[in-house]
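J.: Please read through the structure below; I'll follow up with questions.
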Amino acid sequence: MEDRMSILIWSLLCAALLVILSKAPAMFFINRETTGYDNHHPREQQAQMKGAGARALAAHQNTIESFPLFAAGILVAELAAEAHLLSATLAVAFIVARVLYIVCYVKDMATLRSLVWAAGYLCSIGLILAPWYAG
370 MEDRMSILIW SLLCAALLVI LSKAPAMFFI NRETTGYDNH HPREQQAQMK
420 GAGARALAAH QNTIESFPLF AAGILVAELA AEAHLLSATL AVAFIVARVL
470 YIVCYVKDMA TLRSLVWAAG YLCSIGLILA PWYAG
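Count along the sequence shown starting at 1, add 369, and that's the number in the working numbering.
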């Protein structure tokens, strides 16, 4: 039981780190397309990005947006009567889906990106349902 619970916590940590790490592709394009990061007016600079840079920034923003639902799902799954293999699988699948989402977004693979987004979303919903299937 503790091993499966630790997978949930590790997944939560990975998702929290992914919020920051998902900015790396956007930073790459900012540095490639401009004279460097404008720390005085970063949002104005980011708003001017086009193409892959704009998509990388959007992927980062969506990663931030997806974190609260996933975190809530992890907390519900942790509080369920017992940890369940399905919860651990959903948590890991969410992380994989989010990484794939970023790649798909930057590479402009719109349909696959939407499918991967849906998979990640469903993983979070599945974690919220943990009391139902873990009981």
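Don't be surprised by glycine CBs; every beta carbon is placed ideally from N, CA and C.
Pick helix, strand or coil for GLY442, following the three-state DSSP scheme.
T.: Helix at GLY442.
J.: Three or more beta-carbon pairs under 8 angstroms between the stretch 465-479 and the stretch 416-435, yes or no?
T.: The stretch 465-479 is in contact with the stretch 416-435.
J.: Once you ignore the five residues that flank ALA385 on each side, which residues in its own chain have a CB closer than 6 angstroms to its CB?
T.: Contacts found: none.
J.: Might you give, ordered along the chain, the residues of its own chain that have their beta carbon closer than 8 angstroms to the beta carbon of ALA427, omitting 5 neighbours on each side?
T.: Only TYR474 meet the Cβ criterion.
J.: For HIS429, name the three-state secondary structure that DSSP assigns.
T.: Helix.
J.: Can you have a look at PRO394 and say buried or exposed, based on whether 16 or more other CB atoms are within 10 angstroms of its CB?
T.: When all chains shown are included, PRO394 counts as buried.
J.: In three-state DSSP terms, what is GLN337?
T.: Nothing about residue 337 can be read from this structure; the chain reaches only from 370 to 504.
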